[in-house]
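Engineer: If you're matching positions, the sequence shown starts at 104 in the numbering used here and goes up one per residue.
Every residue, glycine too, gets a C-beta built ideally from N, C-alpha and C.
Computed from a prediction, not measured in an experiment: that's the story for all the values here.
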Amino acid sequence: LFTRAMSGGDGRDYVCLQDDTPDPVEALDRGVEGMSMAWTEDFGFAATYATADSARIIDVARVAAHSLAALGAVVDPTDEVWEDRAERGTVRWTMEPSVYEVMVGTNPAPLPALDPVLYREQAQSRARNWERFQRLFQRHDVILSVTAQRIAAGVEEWERAWTVDGPTFPGGSFAPVYCSHTMIFNWLGFPAVTVPCGFVDGLPVGLQIAAWHGREDLVLRVAEAFQQAFPRDERPAVS
């Protein structure tokens, strides 16, 4: 019930999806036979944020993605190149600043003035990415990738990455580094989910499943099929 309620429109929120969408629960047990899936290594830009461990992490996710072929899906690599939003305005939500910054409540009032040049550049970049995904999803039901190409950090390293070490990362923030494979879907408002698919050095790796705007049903359907076919029951040691 909760999943169905979230998937519908809400007249109180002008930025939410207003179109009718397929029932996200009804198709959960249909499996993936006959579905077409794309696999991307890095969306054409995320290699900028790779670490020494990234290749091993992506290898695990790639094997997991192609394992869906055993369930009847067709999984093909794509070399499409999307644009990195961190190149324009780094991590600020400049597309709808007045709305999101008020809703989140992180900025002091009055809000900082909007840079019209930056707004236009981000809007144009977002539109180009939207069109590239639109073409891709005419051929494929979902797109698969690794969720994060970094091994999970310890508490102190994690804290430093988001604070004092932030300016040392490409783009001047840890956000586009940590979210190199996921931020694009936040930016475009496309549904995506992560399923556990393995380990590197004892730390978890995720397979990201994303679909076209409003197609949560496809994302959840693939996630359900994957987890039913390849369940993970490992329990790491807790310190």
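Kindly indicate the opening and closing residues of the alpha helix (DSSP H) around Asp336.
Structural biologist: By one-based count along the sequence shown, residue 336 stands at place 233. From DSSP, Asp336 is part of no alpha helix (DSSP H); its letter is neither H nor E.
Engineer: Given a cut-off of 8 Å, decide if Ser170 and Phe333 are closer than it, judged by their beta-carbon atoms.
Structural biologist: Taking the first residue of the sequence shown as position 1, residue 333 is located at position 230. Taking the first residue of the sequence shown as position 1, residue 170 is located at position 67. It is a contact, given that the beta carbons lie within the stated cut-off.
Engineer: Looking only at its own chain, which residues have a Cβ that is under 6 Å from the Cβ of Gln176, when we skip the five neighbours before and after it?
Structural biologist: Taking the sequence shown and counting its residues from 1, one reaches residue 176 at position 73. Inspection of the sequence shows that residue 176 is occupied by Ala rather than by Gln. Correct list, in chain order: Val135, Met138 and Met140.
Engineer: Flag Glu129 as yes when its Cβ comes closer than 7 Å to any non-hydrogen atom of the ligand FAD, and as no otherwise.
Structural biologist: The ligand FAD is not among the ligands present in this structure, which contains no ligands whatsoever.
Engineer: Let's test the definition: count the other Cβ atoms within 10 Å of the Cβ of Trp265 and tell me whether it reaches 16, buried, or not, exposed.
Structural biologist: One-based indexing of the sequence shown puts residue 265 at position 162. With fewer than 16 Cβ atoms within 10 Å of its Cβ, Trp265 is classed as exposed.
Engineer: So what does DSSP say about Phe302, is it helix, strand or coil?
Structural biologist: Here residue 302 is taken as the residue at index 199 of the sequence shown, counted from 1. Note: Phe302 maps to strand in three-state DSSP.
Engineer: Do Ala313 and Phe329 count as a contact pair if the criterion is CB distance below 8 Å?
Structural biologist: As a first step, residue 329 must be located in the sequence shown, where it is residue number 226. As a first step, residue 313 must be located in the sequence shown, where it is residue number 210. Cβ distance not < 8 Å, so Phe329 and Ala313 don't count as in contact.
Engineer: Just checking, does the region 113 to 126 make contact with the region 151 to 168 on the three C-beta pairs under 8 Å criterion?
Structural biologist: Touching, no.
Engineer: Do we get a CB-CB distance below 8 Å when we pair Ala313 with the residues of chain B?
Structural biologist: Looking for chain B here will not work: only one protein chain is present.
Engineer: Pull up the CB-CB distance for Leu306 and Pro127, whole angstroms please, since I reckon it's below 8 Å.
Structural biologist: What you label residue 306 is simply residue 203 of the sequence shown in a count that begins at 1. What you label residue 127 is simply residue 24 of the sequence shown in a count that begins at 1. That belief does not hold up - the Cβ atoms of Leu306 and Pro127 are roughly 30 Å apart, past 8 Å.
Engineer: Let me check understanding here. Comparing Cα to Cα, which of Glu319, Ser248 and Asp336 lies closest to Pro125?
Structural biologist: The count along the sequence shown starts at 1 and reaches residue 125 at position 22. Of the candidates Glu319, Ser248 and Asp336, the one whose C-alpha sits nearest the C-alpha of Pro125 is Glu319.
Engineer: Taking buried to mean at least 16 other C-beta atoms within 10 Å of its own C-beta, is Met109 buried or exposed?
Structural biologist: The count along the sequence shown starts at 1 and reaches residue 109 at position 6. Exposed, since its Cβ has fewer than 16 Cβ neighbours within 10 Å.
Engineer: Residues in the same chain with beta-carbon distance under 7 Å from Trp233, minus the five sequence neighbours each way, listed in chain order, please.
Structural biologist: The residue you call residue 233 lines up with position 130 of the sequence shown. Same-chain partners within the cutoff: Leu291.
Engineer: May I have the straight-line CA-CA distance separating Gly275 from Asp132, to the nearest angstrom?
Structural biologist: Reading the sequence shown from its first residue, position 172 is the one you call residue 275. Reading the sequence shown from its first residue, position 29 is the one you call residue 132. Using only the alpha carbons, I get a separation of about 43 Å.
Engineer: Nearest by alpha-carbon distance to Thr143: which of Asp113, Asp218, Val220 and Gln252 is it?
Structural biologist: Walking along the sequence shown from the start, residue 143 turns up at place 40. Among Asp113, Asp218, Val220 and Gln252, the Cα nearest to that of Thr143 belongs to Gln252.
Engineer: Helix, strand or coil for Ile161, going by three-state DSSP, please let me know.
Structural biologist: Position 58 of the sequence shown holds residue 161. Ile161 falls in the helix class under three-state DSSP.
Engineer: Would you say Val245 and Gly309 are within 8 Å of each other, going by their C-beta atoms?
Structural biologist: Taking the first residue of the sequence shown as 1, we reach residue 245 at position 142. Taking the first residue of the sequence shown as 1, we reach residue 309 at position 206. Not closer than 8 Å, so no.
Engineer: Leaving aside the five residues before and after Thr197 along the sequence, list all residues of the same chain whose C-beta is less than 7 Å from its C-beta, in chain order.
Structural biologist: Start at 1 with the first residue of the sequence shown, and residue 197 comes out as number 94. Low confidence applies here, because Thr197 scores a pLDDT of 47, under 50, leaving its location unreliable; read the following figure in that light. Only Leu221, Tyr222 and Gln225 meet the Cβ criterion.
Engineer: Considering only DSSP beta bridges, list what Val308 is partnered with.
Structural biologist: Here residue 308 is taken as the residue at index 205 of the sequence shown, counted from 1. Its beta-bridge partners are Gly301.
Engineer: For Arg229 and Arg188, I'd like the C-alpha separation in whole angstroms.
Structural biologist: Residue numbering aside, residue 229 sits at position 126 when the sequence shown is read from its first letter. Residue numbering aside, residue 188 sits at position 85 when the sequence shown is read from its first letter. Arg229 and Arg188: Cα-Cα distance of roughly 8 Å.
Engineer: Check this for me: beta carbons of Val367 and Phe148, under 8 Å apart or not?
Structural biologist: In this structure the chain extends from 104 to 342, so residue 367 is not present and cannot be described.
Engineer: So Ala326 packs on Val298, CB below 8 Å; how close in whole Å?
Structural biologist: The residue you call residue 326 lines up with position 223 of the sequence shown. The residue you call residue 298 lines up with position 195 of the sequence shown. Going by Cβ atoms, the distance from Ala326 to Val298 rounds to 5 Å, so yes, they are a contact pair.
Engineer: Closest to Glu190 by C-alpha separation, out of Arg235, Phe272 and Glu262, would be which residue?
Structural biologist: Stepping through the sequence shown from its first residue, residue 190 is reached at position 87. When each option's Cα is compared against that of Glu190, the closest is Phe272.
Engineer: Alpha helix (DSSP H) containing Trp315: first to last residue?
Structural biologist: Residue mapping note: residue 315 aligns to position 212 of the sequence shown, counting from 1. It is not in any alpha helix (DSSP H) - Trp315 carries neither H nor E in the DSSP assignment.
Engineer: Hey, how far is the Cα of Ser283 from the Cα of Phe146?
Structural biologist: The residue given as residue 283 occupies position 180 in the sequence shown. The residue given as residue 146 occupies position 43 in the sequence shown. C-alpha separation (whole angstroms): 9 Å.
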